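Quick note: the numbering used here has the sequence shown finishing at residue 1154, numbered continuously throughout. Below you'll find the structure, written out as structure tokens, and then a few comments.
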Amino acid sequence: LHFAEHGQAPDRNIRIWQERITPLWRLCAGNCHLDRPTATLLTEGGFDVENLSTGYLPGPKPLTFMYEGRARL
């Protein structure tokens, strides 16, 4: 599985904003969640995350933290 997904930021203050924004964001962005711990969810779902890059894209930090990588069952 190759993935690129919004996800929970490591910075506590940014996470607080992600939790506040996500209900409206979900309505506008096809049920996308800004505050999910993407790598943890993949691991809990039985995937072995082989490559993982995380970081902020340009723009407002609560909207731009991304997980990108590869995982296998």
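Note that CB positions come from ideal geometry on N, CA and C, so glycine has one too. Computed from a predicted model, the values in this text were never measured in an experiment.
Do you know offhand how far residue i's Cα is from residue j's?
i: E1086; j: E1149; result: 6 Å
Tell me whether residue i is buried or exposed, calling it buried when 16 or more other Cβ atoms sit within 10 Å of its Cβ.
i: E1095; result: In the sequence under discussion, the amino acid at residue 1095 is Ile, which differs from the Glu named in the question. Buried, by the Cβ-count rule.
i: L1115; result: buried
i: L1154; result: exposed
i: T1119; result: buried
i: P1139; result: exposed
i: A1110; result: exposed
i: P1104; result: exposed
For residue i, does the three-state DSSP call read helix, strand or coil?
i: N1132; result: strand
i: A1120; result: helix
For residue i, collect the residues of the same chain with a Cβ closer than 7 Å to its Cβ; drop the 5 residues on either side in sequence, then sort them by chain order.
i: L1133; result: A1120, Y1148, G1150
i: Q1099; result: Q1089, A1090, L1115, D1116, P1143
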